[in-house]
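Residue numbers for the sequence shown follow my numbering, beginning at 1 and rising by one. For glycine and all other residues, C-beta sits at the position ideal for the given N, C-alpha and C. On a predicted model such as this, the values are computed, not experimentally measured, just so you know.
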Amino acid sequence: MANDPFARLPEVPSFTLTSDDVTDGSPFAPAQLSGMFGLPGGRDESPQLSWTGAPAETRSFAVTVYDPDAPTMSGFWHWAVANLPADTSSLPAGAGDPDLALLPEGAITVPNEVRAPRFVGAAPPAGHGEHRYVITVHALDVDDIGVPDDCTPAFLGFTMASHILARATIVATAETPAEPAAE
Numbered sequence: 001m002a003n004d005p006f007a008r009l010p011e012v013p014s015f016t017l018t019s020d021d022v023t024d025g026s027p028f029a030p031a032q033l034s035g036m037f038g039l040p041g042g043r044d045e046s047p048q049l050s051w052t053g054a055p056a057e058t059r060s061f062a063v064t065v066y067d068p069d070a071p072t073m074s075g076f077w078h079w080a081v082a083n084l085p086a087d088t089s090s091l092p093a094g095a096g097d098p099d100l101a102l103l104p105e106g107a108i109t110v111p112n113e114v115r116a117p118r119f120v121g122a123a124p125p126a127g128h129g130e131h132r133y134v135i136t137v138h139a140l141d142v143d144d145i146g147v148p149d150d151c152t153p154a155f156l157g158f159t160m161a162s163h164i165l166a167r168a169t170i171v172a173t174a175e176t177p178a179e180p181a182a183e
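In structure tokens form, the structure reads like this:
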């Protein structure tokens, strides 16, 4: 994949990630689009996620949602959660909304690109083409990844890199049509 976010990371085994809300290679539903950025029907609702087959030695999980196609030099982080207990095997839809308190005790959500500790939905610029949203569950070899809860998702990723036992990924898509030309 172009702009492969895993290209410079160590290769690790995979496990199974599924979702009631998104299928690998398919567009996000309107609920996963960004109302904060004004997309019609957008609710900034994180998708439901379930996983199985992580290594037995997993001590915690982290979940990230990343857009490698954003028109920046560094992509765009939509959500990053760490310190999910090892017995966690799913997150309900909306777990990315801190007001709903749906994450397990001890989990932390680090601020995304808009510096909000929550899920922010897809909002590719109008006419920029299809964007990919790499939803990843990382199985880690530590109980607590040891990052401050106000760090960036990139710092979380840097810190996790040497602790990843396996990862599971679904890639969702979204595209905002170009604005019609004024006549």
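Check                                                                                             : Outcome
As assigned by DSSP and simplified to three states, the class of residue 76                       : strand
Short Cβ contact (9 angstroms threshold) for residue 39 with residue 121                          : yes
Rounded Cβ spacing between residue 139 and residue 164 (contact assumed at less than 8 angstroms) : 7 angstroms
Neighbour-count burial assignment, residue 162, 16 or more Cβ in a 10 Å radius                    : exposed
Cα-Cα separation between residue 102 and residue 75, rounded to whole angstroms                   : 27 angstroms
Enclosing beta strand (DSSP E) for residue 139 [first to last residue]                            : 131–140
Proximity winner among 53, 152, 93 and 72, relative to residue 47 (alpha-carbon distances)        : 93
Among 78, 167, 172 and 89, nearest to residue 154 - alpha-carbon criterion                        : 78
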